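If you use the working numbering, the sequence shown corresponds to residues 1 to 171, in order.
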Amino acid sequence: MRTTHRALFLSFLFLLIIFSQKIDAQTIFSFKVDTLSFNGSVKDAVVISADHESYVKIDAVDGDKAVVLYLGLQKLNKLPASLPFAHHDHSKGETTDSEFIWIPEGKDGPKWISSEGKTIVTQYDSVKQTLSGSFEYTIQKSEKSKDKPKPKLEVTKGQFQNVRYKVEEKK
Numbered sequence: 001m002r003t004t005h006r007a008l009f010l011s012f013l014f015l016l017i018i019f020s021q022k023i024d025a026q027t028i029f030s031f032k033v034d035t036l037s038f039n040g041s042v043k044d045a046v047v048i049s050a051d052h053e054s055y056v057k058i059d060a061v062d063g064d065k066a067v068v069l070y071l072g073l074q075k076l077n078k079l080p081a082s083l084p085f086a087h088h089d090h091s092k093g094e095t096t097d098s099e100f101i102w103i104p105e106g107k108d109g110p111k112w113i114s115s116e117g118k119t120i121v122t123q124y125d126s127v128k129q130t131l132s133g134s135f136e137y138t139i140q141k142s143e144k145s146k147d148k149p150k151p152k153l154e155v156t157k158g159q160f161q162n163v164r165y166k167v168e169e170k171k
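Here it is as structure tokens:
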């Protein structure tokens, strides 16, 4: 009888532990660029440093298409936080609050970079290291020619939810 009670107690304890665990919400990273829908998965999200500023760099992929979204951490103390893109030159110490880079033809293909737009961060948890928000950008094809106008595309309906980032220790 005593072993039966112990087995029941251990079974109850096991079930209690299983059901009390929080299930992480699903990570979402999606947007539209012209008529194309990008429904990707976050490959990596890590805090990086550039010009004395900290950014979360989010790498997402959908097949051979990729995107990189940089989000400045310096303005996330009051939500929702608006992180506009600004033209910048790191060599001159100029920074931006956010930047969007679209790579639609694989990692070696041409890049489309922000020319205007912003990200709105609606959820940020520095303890759990997660963030969520929305974004819209105008992107411009990165070309070497200065003679002709560069093609532009509109990125709309962008959203990311429950993106878990990591902070790598300095070596």
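For glycine and all other residues, C-beta sits at the position ideal for the given N, C-alpha and C.
Just so you know, these numbers come straight off a predicted model, no measurement behind them.
Rounded Cβ spacing between residue i and residue j (contact assumed at less than 8 Å)
i	j	result
residue 38	residue 67	7 Å
residue 204	residue 163	Here the chain has residues from 1 to 171 only, and residue 204 is not among them.
residue 121	residue 69	With 8 Å as the limit, residue 121 and residue 69 do not qualify as a contact, their Cβ atoms being about 11 Å apart.
residue 54	residue 73	4 Å
residue 45	residue 56	6 Å
residue 127	residue 47	Not really, about 14 Å apart at Cβ, beyond 8 Å.
Closest residue to residue i among the options (Cα-Cα distance)
i	options	result
residue 117	138, 31, 133	138
residue 114	50, 71, 26, 43	71
residue 153	107, 141, 95	141
residue 65	110, 148, 143, 149	110
Buried or exposed by the 16-neighbour rule on C-beta atoms within 10 Å, applied to residue i
i	result
residue 105	exposed
residue 155	buried
residue 35	exposed
residue 49	exposed
Sequence-distant residues of its chain with Cβ nearer than 6 Å to residue i (five each side left out)
i	result
residue 102	67, 112, 139
Own chain residues within Cβ distance below 8 Å of residue i, not counting five before or after
i	result
residue 130	123, 124, 162, 163, 164, 165
residue 135	31, 69, 98, 100, 117, 118, 119, 120, 155, 158, 159, 160
Chain-order list of residues whose beta-carbon lies under 7 Å from that of residue i (same chain, five-residue window excluded)
i	result
residue 76	121, 124
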